[in-house]
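Participant: Quick note, the sequences are listed as chains L and V, same order. Sequential numbering from 1 applies to the first sequence in our numbering. Sequential numbering from 1001 applies to the second sequence in our numbering. Virtual Cβ for every residue (Gly too), placed ideally from N, Cα, C.
Number of protein chains: 2
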Amino acid sequence: MLETMDILKERLKEKGSKLTPQRRATLNIIMENKGEHLNTEEIYELVRKDCPEIGLATVYRTLQLLEEMDIISRINLDDGCSRYEIKTGDEDHQHHHLICQGCNKIIEVKIDLLDDLEKEIEKEYDFDIKDHKLKFFGLCSDCKHK
Amino acid sequence: MLETMDILKERLKEKGSKLTPQRRATLNIIMENKGEHLNTEEIYELVRKDCPEIGLATVYRTLQLLEEMDIISRINLDDGCSRYEIKTGDEDHQHHHLICQGCNKIIEVKIDLLDDLEKEIEKEYDFDIKDHKLKFFGLCSDCKHK
DNA sequence: TCTCAATTAATAATTATTTTCATACCTTAG
DNA sequence: CTAAGGTATGAAAATAATTATTAATTGAGA
Ligand SMILES: [Zn+2]
Ligand SMILES: [Zn+2]
Ligand SMILES: [Zn+2]
Ligand SMILES: [Zn+2]
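#1: So I1107 of chain V contacts chain L; which residues on that side make the cut at Cβ distance below 8 Å?
#2: Could you name the residues of chain L that C1140 of chain V contacts, counting a contact when the two beta carbons are closer than 9 Å?
#3: Pick out the complete beta strand (DSSP E) segments inside the stretch 1063 to 1115 of chain V, 3 residues or longer, and give them in chain order.
#4: Would you decide whether I111 of chain L is buried or exposed? Buried here means 16 or more other CB atoms lie within 10 Å of its CB.
#5: Sorted by chain position, which residues of the same chain lie with C-beta nearer than 6 Å to E67 of chain L's C-beta, five sequence neighbours on each side aside?
#6: Compute the distance between the beta-carbons of T1026 of chain V and V1047 of chain V, then report whether it is under 9 Å.
#7: Suppose you measure from the CA of D1166 of chain V to the CA of C140 of chain L; what does that come to, to the nearest Å?
#8: State the start and end residues of the unbroken beta strand (DSSP E) segment that holds I1129 of chain V.
#9: Using alpha carbons as the reference points, say which of L:R23, L:E122, L:D126 lies closest to T62 of chain L.
#10: Can you tell me whether C103 of chain L is buried or exposed? The criterion is at least 16 other CB atoms within 10 Å of its CB, across all chains shown.
#11: Check whether the stretch 1001 to 1012 of chain V and the stretch 1070 to 1089 of chain V are in contact - that is, three or more C-beta pairs closer than 8 Å.
#12: Classify N39 of chain L as helix, strand or coil using the three-state DSSP reduction.
#13: If you measure from the CB of G1102 of chain V, is any heavy atom of ligand 3 nearer than 8 Å?
#14: Just to make sure I have the definition right: I need the residues of chain L whose C-beta is within less than 8 Å of the C-beta of L1008 of chain V. Which are they?
#15: Run through DSSP, which three-state label would K1015 of chain V get?
#16: Report yes or no: is there a C-beta of chain V within less than 9 Å of the C-beta of L117 of chain L?
#17: In chain V, which residues lie less than 8 Å from L65 of chain L when you measure between Cβ atoms?
#18: Which residues does DSSP list as the beta-bridge partners of K1034 of chain V?
#19: Using 8 Å as the cut-off, classify the Cβ of K1105 of chain V as near or not near the heavy atoms of ligand 3, replying yes or no.
#20: Kindly indicate if chain L contains any beta-carbon less than 9 Å away from that of K1135 of chain V.
#21: Would you say K144 of chain L faces chain V, with C-beta separation under 9 Å as the test?
#22: Suppose you measure from the CA of C143 of chain L to the CA of Y1125 of chain V; what does that come to, to the nearest Å?
#23: Taking DSSP as the reference, what is the three-state secondary structure of C143 of chain L?
#24: Give me the subset of the stretch 50 to 84 of chain L whose CB atoms are less than 7 Å from a CB atom of chain V, sorted by chain position.
#25: Would C1100 of chain V pass as an interface residue toward chain L - the criterion being a Cβ-Cβ separation below 9 Å?
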């Protein structure tokens, strides 16, 4: 927990920015909710408990910043808003998501077997791949069996 | 071209809906622009040439409908709006997209090698996969070499 | 042709997000 | 200590994409 905060502080300093209480509180909430996929409004409500005076615009600004700093990543689940999750540095790429069309549950997939596919595409299309995003849609175990 | 229109008519009828001139014109524009990834506003502007009285809200509704009918698919390129393209029935899943972070060009990837990965996930997570969406981010040939 | 639900255009309303702006807060030079 | 210059903030206004409302129109089947 401390480590990520220190990384943020470091990267902010490089950019001439500061680690403010609002930014600290926002990052803390996202770290405490690892595995959730909170949207901006939800993050705002949670941060307000620690930091009641914070404004929604600041949360938006902070999330943008944290994404630029490569601390969190934005997820688009086609539900009309952006969601965020902490980036765990130990993964090469991010994990992926299974989205249940029955109950809207989100399941995280740890497997990442796109390396071969990426290599093939890089050669075939002369394209330098930096990252990818992959979502699967379907029915979860519960929804399938009823 | 005729075929897709007939499929739409068929599916609409099943649902008790009608194939109106507005819907026909919208689908035509999307079919004529295969390979493009038009957003709603762009589709609206193009449809207006054939069908000047059409309203933007109708285009929104029609695109929603065409997506439900599995005739077109929505693409999210994180540029703040939805884009659409015709679904070519001869592909098992859809093709994927390479998004250049240098010039925002979109390149279509015909390769789809996710079948093995899907099987593995279906077993591991007891999840029934219906579809997937995959995007790659990086630098295109032009942007890479300059 | 007649009937009626489906559809539409125009408009207003929503929703998520961004921008504006005046103020507050630091850090540093004088 | 105090002023200057920069960053950050909250509140409110502005934007942009999308959806809801409503009253009028249309088109397919009897
Ligand atoms: Zn489910
Ligand atoms: Zn996740
Ligand atoms: Zn490029
Ligand atoms: Zn495409």
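Facilitator: Working from what's here:
#1: Correct list: Y125, F127.
#2: Contact annotation for C1140 of chain V against chain L: Y125, D126, F127, D128 [CB-CB distance below 9 Å, chain order].
#3: Entirely contained in the stretch 1063 to 1115 of chain V, the beta strand (DSSP E) runs reaching 3 residues are, in chain order, 1072 to 1076, 1082 to 1086, 1096 to 1100, 1106 to 1109.
#4: Residue burial is scored here from C-beta neighbours: I111 of chain L has fewer than 16 other C-beta atoms within 10 angstroms and is therefore classed as exposed.
#5: So the qualifying residues of the chain are R74.
#6: Yes, the Cβ-Cβ distance between T1026 of chain V and V1047 of chain V is below 9 Å.
#7: Given that chain V is displayed from residue 1001 to residue 1146, the structure contains no residue 1166 of chain V and the question cannot be resolved.
#8: Where I1129 of chain V is concerned, the enclosing beta strand (DSSP E) stretches over 1128 to 1139.
#9: It is L:R23 whose Cα lies nearest to the Cα of T62 of chain L.
#10: Counting Cβ neighbours within 10 Å, C103 of chain L comes out exposed, since fewer than 16 surround it.
#11: Yes: the two stretches touch, three or more of their Cβ pairs being nearer than 8 Å.
#12: Taken through DSSP and simplified to helix, strand or coil, N39 of chain L comes out as strand.
#13: Correct: G1102 of chain V has its Cβ closer than 8 Å to ligand 3.
#14: Residues of chain L with a Cβ closer than 8 Å to the Cβ of L1008 of chain V do not exist, since the nearest Cβ in that chain sits about 22 Å away.
#15: Reduced to three states, the DSSP call for K1015 of chain V is coil.
#16: For L117 of chain L, the answer is yes, since a Cβ of chain V falls inside 9 Å of its Cβ.
#17: Here the premise fails: no neighbours, minimum Cβ distance about 17 Å.
#18: K1034 of chain V pairs with V:E1036.
#19: Yes; taking the cut-off as 8 Å, the Cβ of K1105 of chain V has a heavy atom of ligand 3 nearer than that.
#20: At least one CB of chain L lies nearer than 9 Å to the CB of K1135 of chain V.
#21: With 9 Å as the cut-off, K144 of chain L counts as an interface residue toward chain V.
#22: Computed Cα separation, rounded: 13 Å.
#23: Looking at C143 of chain L - three-state DSSP - the assignment turns out to be helix.
#24: Legend: CB atoms of the stretch 50 to 84 of chain L lying less than 7 Å from CB atoms of chain V belong to residues N76, D78.
#25: Chain L contact via Cβ: present.
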